[in-house]
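Residue numbers (the numbering used here): -9 to 46.
Glycine is no exception: its CB is placed at the ideal position from the N, C-alpha and C atoms.
Okay, structure first, notes after.
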């Protein structure tokens, strides 16, 4: 079964990126397939997961 989880808040600096990365990592540790989508124009989640947003 597919589930969609959205972490959103208009205010900056409330740990949206950190929460998303942590939840994604926790789910993968439980052998759950995870797709995280970084909609932030700055690409902070993409960068924190080890990818250069300018190269994607």
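| Item | Value |
| --- | --- |
| Identify the continuous alpha helix (DSSP H) that holds residue 13 and give its terminal residues. | 6 to 19 |
| What do you reckon, are the CB atoms on residue 51 and residue 35 nearer than 8 Å? | What the structure shows of the chain is the stretch from -9 to 46, and residue 51 is not part of that stretch, so it cannot be assessed. |
| Less than 8 Å between the beta carbons of residue 14 and residue 4, yes or no? | no |
| Keeping to the same chain, check which residues put their C-beta closer than 7 Å to that of residue 11; ignore five residues upstream and five downstream. | 35, 38, 39 |
| Would you please state the rounded distance, in angstroms, between the beta carbons of residue 6 and residue -6? I believe it to be under 8 Å. | Going by Cβ atoms, the distance from residue 6 to residue -6 rounds to 16 Å, so no, they are not a contact pair. |
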